[in-house]
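Enquirer:
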Amino acid sequence: MVWLAAAVLAVLATDALHTRLPPSGGASRQMGFVPDPDLAKVLSLGFGAVLADFYWLQAIQAAGGDVRITPELGDHLGRLIDLVTTLNPRVDHPYRFAAIWMTASEQNVRTANRLLARGIEYHPDEWRNYFYLGFNHFFYLLENDRAAEWLDRASRLPGAPRYLPRLAARLKSESAEIEVAAVFLQEMLNTSQDDVAKEGYRAALDEIEVEQSARLLDGARARFQDRNGRDLRTVEELVAGESAVLRTLPAAEPLALPSALRRGSTWVLDPVSDRIVSTYYGKRYRLHVGESDRQRAEGWAEERRIRERVQGMEGSRGETRHEPSNHDR
Amino acid sequence: MSHPITTDDSREIVRVDAIVKDFRPGLGLRAKRVLHEVSFAVREGEIYGFVGPNGAGKTTTLKILMGLIRPTSGNATILDCDVTETGFREHIGFLPENPYFYSFLTAEEILRFYARLSGVGGRDRDRRVQALIELVGLGDARRERLSTYSKGMLQRVGIAQALIHDPKVVFLDEPMSGLDPIGRKDIRDIILRLKSEGKTVFMNTHILNDVEMICDRVAIIVKGRIRHEGPIREFMNEEAMRSDIVLAHLAPEVAEQLGAKFSARVQTVGEQVEVQVMDGQVRDLLKSALEAGAEVLSLSPNRISLERIFLEAVEQGEQADGSSAAERGAPAC
Amino acid sequence: MLNSGSRIWPIATNTVREAVRHRLLYTLLFFAVTMIGFSVLIASLSYVEGERIIQDVGLASIRLFSVGIAIFVGIGLIHGEVERRTIYTILAKPVTRSEFLLGKFLGLLLTVWLQLCLMAIAFVAVSVLVGAGLDLGYVAAMLLVGVELMVIVAVATLFSSFTTPMLAAFFTLGIYALGHLSRDLYSLGQASDVPAVKQAATLLYRALPDLESFNLSTQAVHGVAISGAEVGWASLYGVAYSIALLILASFIFHRRDLE
Ligand SMILES: Nc1ncnc2c1ncn2[C@@H]1O[C@H](COP(=O)(O)OP(=O)(O)OP(=O)(O)O)[C@@H](O)[C@H]1O
Ligand SMILES: [Mg+2]
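In structure tokens, the structure reads:
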């Protein structure tokens with residue numbers, strides 16, 4: 001009896017003391033200490049592979065879930081993947097994991113590129129690492145020449161898609177950026193094993209789809225000016241009245257968008273930029289790194305949350321991707 | 330002590346020559362001399378008693394003979410081989426002090442193990458194992474693990490393993506320790522049987538009774554020095570040949586008469602008379618005493634002599650130790 | 663005249679019988695098998711390369727726990743015999759100290775190899791269950807784990823032959839760690855401008871067991887081609903190193919007073 005009382009007392013006292021300790025915050029759990037890769041490699045005593053797995057799981061935890069990929073988190077992921085690939089350079093996916101997630105700042109992208117280069121060093125026959133490197137140069141850093149170089153090299157490797165040489169050629173001509181981006185993104189979407197990243201690619205493809213429509217409207221606007229000698233006052237003028245140049249306006253929202261998410265967006269003339277924009281995005285698509293890119297990342301995260309909620313409500317409603325239809329008259 | 334001068338010219342099986350052993354208790358501490366130029370020899374076919382008080386150096390000497398520790402100086406041979414060699418051990422058996430064995434084995438298993446180590450092969454091995462288990466009286470426990478054995482039973486296993494390969498020379502460190510009276514008798518019988526088979530036995534002990542009963546030669550070691558060495562009968566001097574008789578109902582004057590007649594020492598203690606007489610006179614004295622109406626209360630052979638020598642040797646050792654302080658600190662080499 | 667084998671073998675088999683009674687051995691074996699099984703759960707946290715993670719964790723558990731067994735059973739190997747004085751009756755038989763040492767070494771080596779086999783079976787079972795690839799590379803990796811264990815058992819035997827289990831554990835763990843570091847120490851030393859440091863690093867590198875040369879687990883998991891020559895040379899090196907250690911152990915043990 002005495003022992004029981006003593007035991008209960010001891011447990012209660014311990015618990016009380018425990019609750020007084022500062023709890024480990026969510027932030028510190030998300031971005032824990034990452035040891036120096038070279039030191040860790042030395043001290044791993046031949047257990048590098050398993051340590052690499054451990055930190056790889058940490059990287060997945062850090063990037064997964066409803067987190068915003070900030071440049072800080074990108075740095076953290078960079079440190080983790082650097083550690084993982086130093087401890088065991090023979091890993092495969094983590095190199096591209098870095099490329100997928102480290103996009104929130106130019107520095108993130110450059111670090112990811114360095115990691116991809118290490119991946120290429122250890123997997124010289126893996127075309128996807130070259131492809132991702134090309135994509136980063138093109139999509140985030142606007143370095144099309146270098147992107148083309150990497151695509152060239154990727155195209156010579158076994159398993160590489162047959163269209164890569166054409167893609168590389170188009171990159172060199174510096175034209176049709178968004179078509180190239182669409183091809184890239186479609187390829188990443190097809191080959192990615194990462195569901196969350198796939199959502200991101202889909203969102204970017206959606207945006208490109210709307211951008212393509214917007215560019216179509218730009219063309220129509222020019223014809224309108226030619227024909228009427230004046231600019232549009234509203235976008236609707238393109239399809240209304242005698243001066244119409246189009247039969248219908250293209251959708252101002254991505255076609256794949258679930259109906260629950262549709263906002264009935266329309267095309268408007270943005271008074272500041274004087275460009276035709278979809279109210280869905282409120283701006284025109286641009287290949288760019290920096291602030292807007294961070295916003296895009298935030299947008300992706302937001303989108304993803306909504307989609308998940310919607311999918312939860314609607315059950316397993318299949319998401320099919322429609323080919324953009326031609327609205328040109 | 331000088332090398333013993335042997336009168337009979339039988340072969341010397343064990344020769345120990347001026348062995349010195351220093352122990353170093355620890356780094357930097359002064360070495361402690363445990364054996365001071367110990368020399369003796371054991372001849373073929375004899376039972377040799379190595380006697381001394383606790384801490385005298387008996388076990389240390391035996392460990393040197395078994396090659397377990399090395400002497401600081403001096404050398405020792407067994408069967409004319411240096412004790413650090415291995416080959417001759419086919420012919421020797423060893424029972425350590427308080428023996429301990431792999432406790433997860435049974436008596437049979439451990440004996441088979443030792444038999445294999447000694448090169449006893451094939452069918453011979455099983456036969457020897459069974460014979461020795463019977464010899465030391467462990468028949469009932471032969472298939473039980475040694476972890477369940479009592480101290481005395483382990484001692485018996487120790488004796489069995491020492492004899493498993495039918496050695497020519499047997500070294501026993503306190504073979505009687507931990508044994509009940511029956512066990513002691515059994516071991517005495519075994520030792521005597523070994524002698525009758527022509528084996529040589531070297532035995533450490535401080536039980537003088539056993540020494541007197543079975544040993545042919547004795548060395549007394551005190552504080553690392555041999556104080557006496559020689560055949561047991563040398564210790565059995567005149568005094569040793571006497572017996573003590575305790576009588577009752579004997580008039581003091583008759584007792585005096587008897588004492589004078591048989592040149593016996595007589596002492597009256599109350600109603601009783603204690604008589605000490607030469608062994609040869611016992612019969613006649615008893616006859617006379619009985620005729621005089623006395624009653625014999627006890628008759629015991631006088632066994633104090635070895636003990637007295639032993640005690641004297643120890644005393645001597647203490648004095649020597651006290652006087653020669655120079656000897657205590659051995660050179661740290 | 664008897665041959666040594668007939669004396670070494672009984673000592674070795676008794677050592678196996680004694681070692682398999684060690685409770686620690688089963689604890690470590692249990693942990694190893696649990697970890698190998700648990701690797702499936704760990705791997706499920708990753709959406710890619712799960713099979714690789716399972717095998718990484720499995721092989722690491724095998725290497726860690728088998729070395730644990732080798733060290734913690736090995737450190738008391740000789741010392742225990744002297745302490746409990748079981749060695750007295752053995753050395754009084756026509757057994758040389760070298761034979762005794764070799765018997766103890768072989769006994770422990772057989773024990774840890776047996777454990778290694780059990781762990782390997784668990785590893786193969788899990789690999790087959792999750793459909794992870796298995797090929798000759800894994801056999802080579804396991805073989806060299808066995809060779810590494812031989813070196814570690816020899817190191818433990820050496821230290822156990824003249825020091826207490828505590829110190830022997832300390833030294834053996836130290837050698838294990840340094841043995842895995844020796845290549846890094848070497849390259850670190852070569853980067854130095856001081857010639858003495860360079861020489862010391864080279865000396866250390868050559869004196870310490872190069873345990874990384876027995877580590878093929880990552881190569882096996884990643885399907886990197888492993889040449890038979892590589893395995894052969896590493897095994898030979900391990901055997902030679904163990905023999906050298908045992909000779910040193912014998913040399914020390916022969917000169918020791920067994921009190
Ligand atoms: N390893 C050692 N280190 C230091 N001193 C030792 C060591 N072993 C024995 N001694 C000392 O040597 C002396 C002789 O010891 P030994 O065991 O030979 O005595 P013994 O005659 O066998 O005594 P016992 O009758 O009690 O068995 C003792 O004083 C003991 O303290
Ligand atoms: Mg003793």
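Residue numbers (the numbering used here), protein chains in the order written: chain D, 1 to 329; chain A, 330 to 662; chain E, 663 to 921. The beta carbon of each residue, even a glycine, is placed where N, CA and C say it ideally should be. Being a predicted model, the structure only gives us computed values, none of them experimental.
With 9 angstroms as the C-beta to C-beta threshold (strictly closer), list the residues of the stretch 87-111 of chain D near chain E in chain order.
Expert: Residues passing the 9 angstroms Cβ filter: 88, 90, 91, 92, 93, 94, 97.
Enquirer: Could you please give me the residues that DSSP links to residue 914 (chain E) through a beta bridge?
Expert: Paired residue(s): none; residue 914 (chain E) is not in a bridge.
Enquirer: Assuming contact is defined by CB atoms lying nearer than 9 angstroms, are residue 713 (chain E) and residue 705 (chain E) in contact in what I supplied?
Expert: yes
Enquirer: Taking only beta-carbon atoms, is residue 617 (chain E) less than 9 angstroms away from chain D?
Expert: Here chain E has residues from 663 to 921 only, and residue 617 (chain E) is not among them.
Enquirer: Identify, in the order they occur along the chain, each residue of the same chain with its Cβ nearer than 6 angstroms to the Cβ of residue 217 (chain D), setting aside the five sequence neighbours on each side.
Expert: 276
Enquirer: Closer than 9 angstroms, CB to CB, is residue 48 (chain D) near chain E or not?
Expert: yes
Enquirer: Residue 432 (chain A) and residue 479 (chain A) - do their beta-carbons sit closer together than 9 angstroms?
Expert: no
Enquirer: Under three-state DSSP, which class holds residue 637 (chain A)?
Expert: helix
Enquirer: Using C-beta distances below 6 angstroms, list every residue in its chain close to residue 501 (chain A), excluding the 5 sequence neighbours before and after it, in chain order.
Expert: When the five nearest sequence neighbours on each side are left out, the beta carbons in the same chain lying within less than 6 angstroms of the beta carbon of residue 501 (chain A) are those of 424, 532, in order along the chain.
Enquirer: In whole angstroms, what separates the C-alpha of residue 720 (chain E) from that of residue 40 (chain D)?
Expert: 21 angstroms
Enquirer: Could you check the C-alpha separation between residue 675 (chain E) and residue 17 (chain D) for me, to the nearest Å?
Expert: 53 angstroms
Enquirer: My guess is that residue 905 (chain E) and residue 764 (chain E) are in contact by the Cβ rule of under 8 angstroms, so how many angstroms apart are they, rounded?
Expert: The Cβ separation is near 10 angstroms, so there is no contact.
Enquirer: Inspect the beta-carbon positions of residue 171 (chain D) and residue 190 (chain D) and report whether they are closer than 9 angstroms.
Expert: Between residue 171 (chain D) and residue 190 (chain D), the C-beta gap is not smaller than 9 angstroms, which leaves the two residues out of contact.
Enquirer: Between the stretch 752-766 of chain E and chain A, which residues of the former have a C-beta closer than 8 angstroms to a C-beta of the latter?
Expert: 752, 753, 754, 755, 756, 757, 758
Enquirer: At least one CB of chain E closer than 9 angstroms to the CB of residue 56 (chain D): is that the case?
Expert: yes
Enquirer: Could you check if residue 598 (chain A) is buried or exposed, using at least 16 other CB atoms within 10 Å of its CB as the buried criterion?
Expert: Residue burial is scored here from C-beta neighbours: residue 598 (chain A) has fewer than 16 other C-beta atoms within 10 angstroms and is therefore classed as exposed.
Enquirer: Give the residues of chain E in contact with residue 45 (chain D), contact being defined as C-beta atoms less than 8 angstroms apart.
Expert: 838, 839, 842, 843
Enquirer: Is the stretch 534-546 of chain A touching the stretch 595-613 of chain A, taking contact as three or more C-beta pairs under 8 angstroms?
Expert: In this structure the stretch 534-546 of chain A does not lie against the stretch 595-613 of chain A, because fewer than three pairs of beta carbons, one per stretch, are closer than 8 angstroms.
Enquirer: Relative to the C-alpha of residue 900 (chain E), which residue among E:813, E:747, E:691 is closest?
Expert: The alpha carbon of residue 900 (chain E) has as its nearest neighbour, out of E:813, E:747, E:691, the alpha carbon of E:813.
Enquirer: Any heavy atom of ligand 2 closer than 8 angstroms to the beta-carbon of residue 921 (chain E)?
Expert: no
Enquirer: Relative to ligand 2, what is the chain-ordered list of residues with a Cβ closer than 7 angstroms to any of its non-hydrogen atoms?
Expert: The set of residues with a C-beta under 7 angstroms from any non-hydrogen atom of ligand 2 comprises A:387, A:388, A:426, A:502, A:503, A:533, given in chain order.
Enquirer: Tell me the DSSP secondary structure of residue 301 (chain D) in three-state form.
Expert: Residue confidence is low: residue 301 (chain D) scores 49 on pLDDT, short of 50, so the model does not pin down where it sits. Its coordinate-derived value is still stated next. Three-state DSSP puts residue 301 (chain D) in a helix.
Enquirer: What would DSSP say about residue 49 (chain D), mapped onto helix, strand or coil?
Expert: Here residue 49 (chain D) sits in helix by DSSP.
Enquirer: For residue 164 (chain D) versus residue 185 (chain D), is the C-beta spacing smaller than 9 angstroms?
Expert: no
Enquirer: Going by DSSP in three states, residue 542 (chain A) sits in which element: helix, strand or coil?
Expert: helix
Enquirer: Report the three-state DSSP secondary structure of residue 789 (chain E) (helix, strand or coil).
Expert: helix
Enquirer: Given this structure, state the Cα-to-Cα distance separating residue 748 (chain E) from residue 529 (chain A), to the nearest angstrom.
Expert: 24 angstroms
Enquirer: Measuring alpha carbon to alpha carbon, tell me which of A:393, A:355, A:340, A:466 ends up nearest residue 408 (chain A).
Expert: A:340
Enquirer: Is residue 378 (chain A) near residue 539 (chain A), with beta carbons less than 9 angstroms apart?
Expert: yes
Enquirer: Sort D:265, D:263, D:283 by Cα distance to residue 272 (chain D) and report the nearest one.
Expert: D:283
Enquirer: According to DSSP, residue 630 (chain A) sits in a beta bridge with which residue or residues?
Expert: Per the DSSP secondary-structure output, residue 630 (chain A) pairs in a beta bridge with A:572.
Enquirer: Identify the continuous beta strand (DSSP E) that holds residue 365 (chain A) and give its terminal residues.
Expert: 361-372
Enquirer: Suppose you measure from the CA of residue 781 (chain E) to the CA of residue 83 (chain D); what does that come to, to the nearest Å?
Expert: 29 angstroms
Enquirer: Exposed or buried, what is residue 412 (chain A) when buried is set at 16 or more other beta-carbons lying within 10 Å of its beta-carbon?
Expert: buried
Enquirer: Please report how far the alpha carbon of residue 699 (chain E) lies from the alpha carbon of residue 783 (chain E), in whole angstroms.
Expert: 12 angstroms
Enquirer: Taking the CB atoms as reference points, tell me whether residue 552 (chain A) and residue 384 (chain A) lie closer together than 9 angstroms.
Expert: yes
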